[in-house]
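One structure below.
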Amino acid sequence: MEPMKINPAAKFRFSPKPEQEVLLTKTFGCIRFVWNAVLAAREEAWEDFGIATVFPDASALLTDLKNDPDFAFLGELSSVPLPQTLRHQQRASGHFFSGRAGTPRFKRKDDSQRAVFMDNAFDLSGRRLVLAKRKEPLDIRWSRCLPKGATGSSACVTKDPAGRYFVSLHFEDEVAPKPEIETKVGIDLGLSSFATLSTGEKVLAPEFFREEEKKLAFWQRKLAKKKNGSKNRRKARRKIARIHARIADRRNDFLHTLSTRLLNENQVIVVEDLSVKDMRKNRHLSKSIADASRSEFLRQIDDKATWSGRQVLSCGRFFPSSKTCSHCRFVLPELSLSVREWICPDCGATHDRDANAARNILTAWLAGCACGGSVRLPVPAWSRVGKQLPGEPGIADHEVGKPLRVRRGGCQGRELQRFSAFFHFPERFPEGTFAPEYSFSNKNEFFSKNPEPQVVMQVNLPMTP
């Protein structure tokens, strides 16, 4: 396969020298000042006249601020980060008016600070990065190698609340897709086990936040007792920020390690399309759900799959993966969250709740035949969900027929519905045994080849071209 061009970002930590730290502090302060001044003007124009400020108006306001003698300090810095700040604010304002996010907020000194330098405001030569207005390079910890000849399209310098400095370099690179393999895996995400694979492997949830919860509560109580504006309050706030940073670093390392391993070992990964936002409304489980970072995990495997030539597919969130028997397809009417193991009343198989769900998630994708080939899905001779008896054709109410949403790395979200049906042929298969699946492009094609079949279950499944 031909190499694919991507635009990744490499993030490195660096330790600025005293004079560099002073310049960066001034840059962050000017960016914060311009952001708040333009945002206040935006809100005033919207409240008084109902006018949405566009980027040219914000840029003109920035020019007026630079020409004002009271704000002469804005001209002492590089002229690149300030217009970039206005572009970020314009994007945030657009997200607000489109309903994708809330109103843009004013920046505080204690928040994470960011300055974006475009390619005309820094010089990258090998492992030497020099920002505009400075002659000395940054003392960067090069934790990874950049592509040979990489120049970088932008450099984003950030300072987190813990006081650490980072620089993210955006550049163009070419990656070759990994060799295709035959393995496929279904993943069920949970709380007691972070992920359960269809192979039976369980990845325990590390619970990084809960391990630091007592220490975090201790320093938050100390912070509440400090006087506002005092040095001791700033020290306590910095301590709390460092605890949060340590939690985030450990969590990100765990997620990157797991997502990379899964993509190296499998060609196709099938996950359940869960709404994390709705799940966090449960006040008893919201802390554990947030600590698990499911959305970040899915984002990582989605992006890495695009670069490595893998497929990441999703199964419908209302598919009863946990209460469907992976052996005989019997569906329990109810299955509470406290039940971790259950015995199928139809075939007597004992199931671990999470492992059974992972197998069903993978089977749902196999039923959809996302690769375009024919598959044989084990199904009972009649559907107990639809309460059909042998010899009584009809449509069964089975959630496996819900469309599968193809995530990035697959077919870019395209879905095609094909008519699929499961049939039982008494002369070829004894009653109660599994019947094969036959898939056709439309119903007329099927009935022309099978004039009098005995239909036991019919579902509409997505077929990717």
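Reading the sequence shown from the start, the letters are residues 0 to 464 in numbering that gives the first Met the number 0. We put the CB at the ideal spot given by N, CA and C, even for glycine.
Counting along the chain, the unbroken alpha helix (DSSP H) around residue 286 starts and ends at 285 to 291. Ranking 355, 155, 334 by CA distance to the CA of residue 128 puts 155 first. When secondary structure is reduced to three states using DSSP, residue 29 falls in the helix class. Per DSSP, the unbroken beta strand (DSSP E) holding residue 116 starts and ends at 112 to 117. For the pair residue 269 and residue 185, the CB atoms are nearer than the 9 Å cut-off. The beta carbon of residue 151 is closer than 7 Å to those of 118, 123, 168, 169, 170 in its chain, skipping five residues each way along the sequence. With respect to the C-alpha of residue 28, the residue from 325, 307, 57, 72 having the closest C-alpha is 72.
Cβ atoms of residue 187 and residue 357 come within 8 Å of each other, at about 4 Å. For residue 124, the enclosing beta strand (DSSP E) has its first and last residue at 121 to 124. When C-alpha distances from residue 85 are compared across 103, 75, 137, the shortest belongs to 103.
In its chain, beyond the 5 residues on either side, 72, 75, 76 have a beta carbon closer than 8 Å to the beta carbon of residue 25. The residue from 222, 176, 249, 221 with its alpha-carbon nearest to that of residue 209 is 249. With fewer than 16 other CB atoms across the displayed protein chains lying within 10 angstroms of its CB, residue 283 is exposed. When the alpha-carbon of residue 199 is set against those of 361, 288, 19, the nearest one is in 361. For residue 341, the enclosing beta strand (DSSP E) has its first and last residue at 340 to 342.
The three-state reading of DSSP puts residue 202 in strand, counting E and B together.
Approximately 7 Å separates the beta-carbon atoms of residue 137 and residue 15; this is inside 8 Å, confirming the contact. Three or more beta-carbon pairs separated by less than 8 Å are not found between the segment 315 to 335 and the segment 284 to 295, which leaves the two stretches without contact. Assigned with DSSP and collapsed to three states, residue 186 falls in strand.
Exclusion of the five residues before and after residue 294 leaves 275 as the residues of its chain whose Cβ lies within less than 7 Å of its Cβ. As DSSP reads the structure, residue 154 sits in a beta bridge with 116, 168. Around the Cβ of residue 141, a 10 Å sphere holds fewer than 16 other Cβ atoms; the residue is exposed. About 10 Å separates the CB atoms of residue 197 and residue 353; that is not less than 8 Å, and the two are not in contact.
Rounded to the nearest whole angstrom, the C-alpha separation of residue 31 and residue 88 is 11 Å.
About 5 Å separates the beta carbon of residue 355 from that of residue 325, a gap short enough to meet the 8 Å contact definition. The beta-bridge partner set that DSSP reports for residue 5 consists of 172. Residue environment analysis places residue 349 among the exposed positions, since fewer than 16 neighbouring C-beta atoms fall within 10 angstroms of its C-beta.
By the Cβ neighbour-count rule, residue 23 is buried, with 16 or more other Cβ atoms within 10 Å of its own. Each residue's CA atom was taken as its position, placing residue 92 and residue 366 some 43 Å apart. Within 10 angstroms of the beta-carbon of residue 148 lie fewer than 16 other beta-carbons, which makes it exposed.
Restricting attention to 8, 241, 70, 216, the CA atom closest to the CA of residue 158 is found in 241. In the structure shown, residue 350 falls within a strand segment according to DSSP collapsed to helix, strand and coil. The Cβ-Cβ distance between residue 194 and residue 257 falls below 9 Å. Within the same chain, 128, 129, 130, 131, 154 come within 7 Å of residue 121 by CB-CB distance, once the 5 residues on both sides are set aside.
In the DSSP assignment, residue 195 falls within the beta strand (DSSP E) that extends over 192 to 196.
Residue 330: not part of any alpha helix (DSSP H); DSSP gives it neither H nor E.
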